[in-house]
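In the UniProt record's numbering, the protein residues as written are 1 to 565.
Idealized CB from N, CA, C, for every residue including glycine.
To keep things clear, I will list the structure first and then write my remarks on it.
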């Protein structure tokens, strides 16, 4: 049965309908031919063992003859004619048998190895029975694959408003058909040539610009004097409103910004029009990519990547920035305490865009201009959004705006805890950890208040790539809005190499949609990491490691290295 949960409330591995359990086992018929053929002929290991035993026996006889032990045995038996005759016959029979065994074993060892190139098998099937997967001249026939059970429901279509997850109400469930699938072929939209005008020198790395780099060097604490008031030459009394910081979430957004179904990415083909996806079970996905033996190592690499490129730098930046705010009597703007109110920000921007005219010939009065340091993140955005420190704090806010999180203290505390070890031993995909608030009270993880670790890491991953990927016209979040599929409102986009889908929120479960085929991922602690590794594999194979003109193998993003070592 597929590992994908049918709904948020359903436990893993529990089918929604009572189905008969298949019995017995299945083996590829071509692989069975190889096994039957080997059973009738001595293998290489058996022939080598036979040769070694006979050579050792012959060497032992030679040693006994050289030391005179055989002569002593012959004298003990007697020196008559009958003894001489029997002794001679036994000697020649033994020597002849040894010579035959040695010759036959050497003949088998010298024969070229049969690679069974005429049989159609996948690389995984050939590897499973000890055959070379790189031999030339293999059959071009379609390999026989294990039968799939069909049909199976993989995900609900409904979504509760404002939750960003998949709810109980909504449209009919999505059905899939279990059929073998092939990897997505390259398309013009996703492929960036390895050697063309878009090379390493022209690929855009978002971190090249220090002002937009999350982990760029920050100003010294003394530089925060720009918040001292309007008298500072670096900060006028009322700066022009900066572009609002994008909400760093991957599904939840204000209702006015939530995409409509008709605005979503449209798939192509009959299956997309009918809302159906074909299904490929987890092991079949790994076998089709030929990575079933490397996936464990690559998942560990993804653990290290998260800590090295996301969690540890983020924890360090939060600590340093909070220290700067505390030293300048603005601890209320720290990452742990301040939360952006986007509704208030929208009102403030609207007021600035349409200022009320005063009675003094249409000029706005300056008496109401704010003075002193900002009191909220909205104030920081409106007055100091273009300053280096203001930009840095607003970028951090995108990372900390985790959907479903009602406690900013928990998010900050959990990021710091997960960043403490390279392998994230504290990671719990369907839970979290405890934290201590500013009053010294310890709180346990609460499902209704705190995101799971999988939700938290996926949000950080999407926000990281939203900052790294080149902007796309009419797209607010260049990575999330295109490569993270909300199946409740949008159809899969067959022009993209892959899209990530979250099919369960309560016990987080992620899978991929590749050209209208649902690639299921094993339901386990590493479900998120496996899904991200498969996504990187697809980008590397189909787009040469590029998302648009952004190189995922560059030294700052460095995602492709996960599948290189």
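Quick one: grab the DSSP three-state call for residue i.
| i | result |
| --- | --- |
| residue 516 | coil |
| residue 280 | strand |
| residue 467 | helix |
| residue 68 | coil |
| residue 425 | coil |
| residue 299 | helix |
| residue 462 | helix |
| residue 455 | helix |
| residue 88 | helix |
| residue 119 | coil |
| residue 54 | helix |
| residue 420 | coil |
| residue 521 | coil |
| residue 81 | helix |
| residue 290 | coil |
| residue 27 | coil |
| residue 533 | helix |
| residue 558 | coil |
| residue 130 | coil |
| residue 111 | coil |
| residue 331 | helix |
Using DSSP's beta-bridge definition, name the partner residues of residue i.
| i | result |
| --- | --- |
| residue 436 | 442 |
| residue 551 | 546 |
| residue 499 | 513 |
| residue 484 | 500 |
With distances taken from CA atoms, which of the options is nearest residue i?
| i | options | result |
| --- | --- | --- |
| residue 291 | 535, 90, 48 | 535 |
| residue 504 | 452, 38, 84 | 452 |
| residue 276 | 545, 551, 492, 512 | 492 |
| residue 433 | 423, 417, 294, 328 | 417 |
| residue 92 | 409, 343, 61 | 61 |
| residue 90 | 487, 74, 343 | 74 |
| residue 111 | 72, 47, 87 | 47 |
| residue 34 | 97, 50, 88, 120 | 120 |
| residue 522 | 396, 280, 351 | 280 |
| residue 476 | 462, 487, 488 | 462 |
| residue 554 | 71, 309, 303, 295 | 309 |
| residue 375 | 533, 98, 339, 301 | 339 |
| residue 484 | 352, 301, 496 | 496 |
| residue 305 | 27, 32, 562 | 562 |
| residue 129 | 55, 83, 32, 320 | 32 |
| residue 423 | 51, 439, 298, 50 | 298 |
| residue 426 | 469, 303, 289, 87 | 303 |
| residue 84 | 71, 95, 506 | 71 |
| residue 141 | 118, 126, 331 | 118 |
| residue 102 | 136, 51, 56 | 51 |
| residue 428 | 437, 438, 414 | 414 |
| residue 445 | 469, 411, 353, 467 | 411 |
| residue 538 | 95, 49, 288 | 288 |
| residue 441 | 390, 135, 409 | 409 |
| residue 347 | 296, 533, 379, 135 | 379 |
| residue 430 | 524, 37, 345 | 524 |
| residue 136 | 115, 28, 372 | 115 |
| residue 467 | 557, 126, 294 | 557 |
| residue 98 | 54, 124, 498 | 54 |
Just mark residue i as buried or exposed, buried being the case when its beta carbon has 16 or more other beta carbons within 10 Å.
| i | result |
| --- | --- |
| residue 420 | exposed |
| residue 459 | buried |
| residue 316 | exposed |
| residue 515 | buried |
| residue 500 | buried |
| residue 138 | buried |
| residue 106 | exposed |
| residue 509 | buried |
| residue 512 | buried |
| residue 564 | exposed |
| residue 282 | buried |
| residue 435 | buried |
| residue 456 | buried |
| residue 404 | buried |
| residue 395 | buried |
Does the beta-carbon of residue i, which I'm using as the reference point, lie nearer than 7 angstroms to any heavy atom of the ligand MN?
| i | result |
| --- | --- |
| residue 123 | The ligand MN is absent from the structure shown, which contains no ligands of any kind. |
Could you tell me which whole alpha helix (DSSP H) segments of length 4 or greater appear in the region 362-415?
Fully enclosed alpha helix (DSSP H) runs of 4 or longer: 377-384, 388-400.
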